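According to our numbering, the sequence shown is numbered sequentially starting from 11. C-beta atoms are modelled at their ideal positions from N, C-alpha and C, and glycine is treated no differently. Only a predicted model underlies this, so the values are computations on that prediction, with no experimental measurement involved. Okay, structure first, notes after.
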Amino acid sequence: MSKVEVLITRDRLQEFSAFRKAARRQDAWMQQQSGAVATAPPAPDSDSAADVGSSSSVVAPPPWVRALQHFADLEITVVSRIDRLHQQQQDFFSPKFVSSEEEEELQHDLDVLASDVQKLLKELERMVLTGVRPADPQNSDETLAAKNVQKHLSTRLTRVMGSFRDGQQLFVDRLKARQAKVQKFRKVGTDEVHTQLEREEKVAQYLEQGYTQADISELLAEEARQQEISSEVQNILASITELHEMFKDLNSLVVEQGTVLDRVDYNIRKSQENMSKGIEQLKKAQEHQKRCSAM
């Protein structure tokens with residue numbers, strides 16, 4: 011199970027806002043007294059006296075404070091969805107007797123859930139890139155605080171995306187292993203003998219159906235290309251690798267915000283597209299092998 015980091019915070023915004031107001035008044039009084047007759051410092055007015063520990067003068071928190079809380083709330087939802095996806099992926103490979111239609115329905119549910127996770131990850135990324143802003147860009151303290159929060163959230167986002175990526179990679183690996191096992195049990199003798207017998211059977215069947223030698227050669231070549239369709243799985247793994255490389259860039263979100271956002275969105279979407287295509291091609295390869303076995 012993934013763990014969500016719990017950030018313990020204490021809201022002292024109102025208190026320090028009152029202190030800043032008092033400091034500004036004191037500074038203004040000091041400037042007025044320079045070169046003038048000294049007078050007593052100004053007493054705090056009723057509003058400033060009530061600022062500390064009171065809600066009568068509410069100051070809106072800066073955007074980066076709100077972004078921090080919103081990120082934490084959505085992060086809990088994302089981690090919960092990822093855990094659910096991982097559990098359903100494990101259940102997909104558990105021993106059971108289901109029809110091909112039921113298995114396709116299970117696969118569809120996994121695709122939908124993975125797509126939902128990707129959308130939520132994109133929203134988290136948007137929060138990190140555009141939601142963490144200083145209230146006053148001219149204030150160096152505010153700018154530094156916002157920058158530190160952005161780096162902190164980018165680290166947490168990297169961890170969540172890593173959990174999603176690892177689960178997807180494990181799922182693809184298990185799909186490949188299951189497909190390889192199915193092919194192994196369908197073989198008779200060595201790989202060379204199996205390939206030769208299969209080719210001879212296909213040629214005989216095509217000749218009986220009236221195909222010419224040229225047509226048979228084209229059909230066999232097309233079937234060979236279909237058998238190599240499992241290479242789509244390699245494309246999925248390649249996209250996952252690209253996703254891994256993209257994580258390294260998350261540390262420089264402050265510098266390359268727009269570029270990283272596009273790269274994150276592209277890699278996640280490409281990974282899902284390649285996975286869906288790979289799974290679909292695996293199904294086609296299985297159906298083709300079944301037809302070949304029945305011939």
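If you check the beta carbons only, do residue i and residue j fall under 8 Å apart?
{"i": "Gln-128", "j": "Gly-177", "result": "no"}
{"i": "Gln-189", "j": "Leu-120", "result": "no"}
{"i": "Arg-91", "j": "Leu-123", "result": "yes"}
{"i": "Glu-85", "j": "Arg-175", "result": "no"}
{"i": "Phe-103", "j": "Leu-163", "result": "no"}
{"i": "Leu-185", "j": "Lys-212", "result": "no"}
{"i": "Leu-139", "j": "Met-171", "result": "no"}
Rounded to the nearest angstrom, what separates residue i and residue j at their Cα positions?
{"i": "Trp-74", "j": "Pro-105", "result": "48 Å"}
{"i": "Val-108", "j": "Pro-72", "result": "54 Å"}
{"i": "Arg-169", "j": "Lys-161", "result": "13 Å"}
{"i": "Thr-153", "j": "Gln-296", "result": "57 Å"}
{"i": "Ala-156", "j": "Val-182", "result": "39 Å"}
{"i": "Leu-180", "j": "Ser-110", "result": "22 Å"}
{"i": "Arg-209", "j": "Tyr-221", "result": "15 Å"}
{"i": "Val-270", "j": "Asp-225", "result": "Only weak support exists for where Val-270 lies, its pLDDT of 47 falling under 50; the value from the coordinates is given anyway. For Val-270 and Asp-225, the distance between alpha carbons rounds to 50 Å."}
{"i": "Leu-95", "j": "Ala-187", "result": "20 Å"}
Any idea what DSSP makes of residue i, helix, strand or coil?
{"i": "Tyr-221", "result": "coil"}
{"i": "Gln-148", "result": "coil"}
{"i": "Ser-90", "result": "helix"}
{"i": "Ser-65", "result": "Confidence at Ser-65 is low in this model, with a pLDDT of 44, below 50, so its placement is unreliable and the value that follows should be read with caution. Three-state result, Ser-65: coil."}
{"i": "Pro-73", "result": "helix"}
{"i": "Ser-286", "result": "helix"}
{"i": "Ser-44", "result": "coil"}
In chain order, what residues of the same chain lie with their CB nearer than 6 Å to the CB of residue i, ignoring the 5 residues before and after it?
{"i": "Ala-77", "result": "Met-137, Gly-141, Val-142"}
{"i": "Ala-70", "result": "none"}
Suppose the cutoff is 8 Å on Cβ atoms and the five residues either side in sequence are ignored; what does the same chain contact list for residue i look like?
{"i": "Ala-59", "result": "In this predicted model, Ala-59 has a pLDDT of only 46, less than 50, meaning its place in the structure is not dependable; the value taken from the coordinates is given anyway. Taken in chain order, the list of residues that qualify is empty."}
{"i": "Gln-117", "result": "Phe-102, Ile-289"}
Within the same chain, show all residues whose beta-carbon is closer than 7 Å to that of residue i, passing over the 5 residues directly before and after it, in chain order.
{"i": "Gln-282", "result": "Ala-124, Ser-125, Gln-128"}
field: Whole runs of the beta strand (DSSP E) within the stretch 101-159, excluding any shorter than 3 residues
entry: Taken in chain order, the whole beta strand (DSSP E) runs of length 3 or more contained in the stretch 101-159 number zero.
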